[in-house]
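Asks: Structure provided below as structure tokens; questions to follow.
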Amino acid sequence: MKSEISPDRYRLTDGEVTLRPFVPGDKRRLAELGNNVNIFRNLRDGFPHPYTVADAERFIAMVMEHVPPHAFAIEFQGEYVGNIGIHPKGDIYRLGAEIGYFLGEPWWHKGIMPRAVRLACAYAFRELGIIRIDTGVFDYNVASQRVLEKCGFVKEGIFRKSVIKMGQICDEVRYALLKENG
């Protein structure tokens, strides 16, 4: 039997930016937001380009299986503008999680993503029992590095020439936030 996610229980907001669980009706908007080479350029290859409604439908079905949710739609002033996820790890890393996110290009540089990251991290520390959140950012994605630094993430290292994206080899910059600093 599939568990149902209560949309209100897992709705996180700071008054202007809201994180909410996905619903099946998000598929067309997700495809619209995600089908952008400038988004694809900054995400892992598991996020395809072009990004179709079928891709969005599969993603939403997958994330809706997690209760409590690990992935959220980002709303800005009531409009769905991006995605954010906290992905718990396993085995000896089970008290940690990885964060990942994207914002539709029309909403870049508006201060939305730092607010969404703060909401997601507070949720992970409070609801998921996580004590460490980390992520990797391609070296050329300076805007994402700034988002993480604004949210208190610390640069822990650079994995040199560890990533290939769109035929380009680049470094990955690793960041982490500990619960006591979040």
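If you read the sequence shown in this note's numbering, its first letter stands for residue 1, the second for the next number, and so on. Glycine included, every Cβ here is placed at the ideal spot set by N, Cα and C. Small disclaimer: the values here were computed from a predicted structure and weren't measured.
Could you name each continuous beta strand (DSSP E) segment of 3 residues or more that falls completely within the region 71–159, going from the start of the chain to the end?
Replies: The region 71–159 contains these whole beta strand (DSSP E) runs: 71–76, 79–88, 96–103, 132–138.
Asks: For Ala176 and Arg132, which I take to be in contact (beta-carbon distance under 8 Å), what is that distance rounded to the nearest angstrom?
Replies: Here residue 176 refers to the residue found at position 176 of the sequence shown. Here residue 132 refers to the residue found at position 132 of the sequence shown. Ala176 to Arg132, Cβ: 6 Å. Contact.
Asks: Rank Ala124, Asn35, Asn141, Asn181 by C-alpha distance to the C-alpha of His109 and give the top, closest one.
Replies: Here residue 109 is taken as the residue at index 109 of the sequence shown, counted from 1. Of the candidates Ala124, Asn35, Asn141, Asn181, the one whose C-alpha sits nearest the C-alpha of His109 is Asn141.
Asks: Tell me which same chain residues have a C-beta within less than 7 Å of the C-beta of Tyr51, skipping the five on either side of it?
Replies: Residue 51 sits at position 51 when you count from the first residue of the sequence shown. Ala31, Gly34, Asn35.
Asks: How close, in whole Å, do the beta carbons of Phe22 and Met64 come, if the pair is a contact with beta carbons under 8 Å?
Replies: Here residue 22 is taken as the residue at index 22 of the sequence shown, counted from 1. Here residue 64 is taken as the residue at index 64 of the sequence shown, counted from 1. The Cβ separation is near 6 Å, so the contact holds.
Asks: Using a 10 Å radius around the Cβ and a threshold of 16 neighbouring Cβ atoms, would you call Thr13 buried or exposed?
Replies: To locate residue 13, count along the sequence shown from 1; it is residue 13. Exposed, because fewer than 16 other Cβ atoms sit within 10 Å of the Cβ of Thr13.
Asks: Hey, how far is the Cα of Glu105 from the Cα of Asn42?
Replies: Taking the sequence shown and counting its residues from 1, one reaches residue 105 at position 105. Taking the sequence shown and counting its residues from 1, one reaches residue 42 at position 42. Each residue's alpha carbon lies about 12 Å from the other.
Asks: Kindly list the residues whose CB is nearer than 6 Å to the CB of Phe125, restricted to its own chain and excluding five residues on each side of it in sequence; keep chain order.
Replies: Numbered from 1 along the sequence shown, position 125 holds the residue referred to as residue 125. Here the set comprises Lys179, Gly182.
Asks: Sorted by chain position, which residues of the same chain lie with C-beta nearer than 8 Å to Trp107's C-beta, five sequence neighbours on each side aside?
Replies: Along the sequence shown, read from residue 1 onward, the residue named residue 107 stands at position 107. Excluding positions up to five away in sequence, the list reads Phe76, Val81, Gly82.
Asks: Alpha carbon to alpha carbon, how far is Thr135 from Glu79?
Replies: Taking the sequence shown and counting its residues from 1, one reaches residue 135 at position 135. Taking the sequence shown and counting its residues from 1, one reaches residue 79 at position 79. Distance between the alpha carbons of Thr135 and Glu79: 26 Å.
Asks: Can you tell which of Pro69, Glu16, Gly46, Gly25 has its C-alpha closest to the C-alpha of Glu127?
Replies: Position 127 of the sequence shown, counted from the first residue, corresponds to residue 127. If we check each option's Cα against that of Glu127, Pro69 comes out closest.
Asks: Could you tell me the alpha carbon to alpha carbon distance between Ile39 and Gly129, rounded to whole angstroms?
Replies: By 1-based counting over the sequence shown, the position of residue 39 is 39. By 1-based counting over the sequence shown, the position of residue 129 is 129. If you take the alpha carbons of Ile39 and Gly129, they lie about 30 Å apart.
Asks: Give me the Cα-Cα distance between Glu156 and Met166, rounded to the nearest whole angstrom.
Replies: Here residue 156 refers to the residue found at position 156 of the sequence shown. Here residue 166 refers to the residue found at position 166 of the sequence shown. Near 25 Å, if we compare the C-alpha coordinates of Met166 and Glu156.
Asks: Excluding the 5 residues flanking Arg158 on each side, which residues of the same chain have their C-beta closer than 6 Å to its C-beta?
Replies: Translated into the one-based positions of the sequence shown, residue 158 becomes position 158. Checking the sequence shown, residue 158 turns out to be Ile, not Arg. Cβ neighbours of Ile158 beyond the five flanking positions: Asp171, Val173.
Asks: According to DSSP, is Val173 helix, strand or coil?
Replies: For the purposes of this step, residue 173 is taken as residue 173 along the sequence shown, with counting starting at 1. Strand.
Asks: What residue range does the alpha helix (DSSP H) around Leu30 cover?
Replies: The count along the sequence shown starts at 1 and reaches residue 30 at position 30. Segment 27–34, the alpha helix (DSSP H) holding Leu30.
Asks: What residue range is occupied by the uninterrupted beta strand (DSSP E) comprising Val17?
Replies: Your numbering for residue 17 matches position 17 in the sequence shown. That run of the beta strand (DSSP E) goes 17–20.
Asks: In three-state DSSP terms, what is Lys2?
Replies: By 1-based counting over the sequence shown, the position of residue 2 is 2. Confidence in Lys2 is poor, its pLDDT being 45 and thus under 50, which makes the residue's placement too unreliable to answer from.
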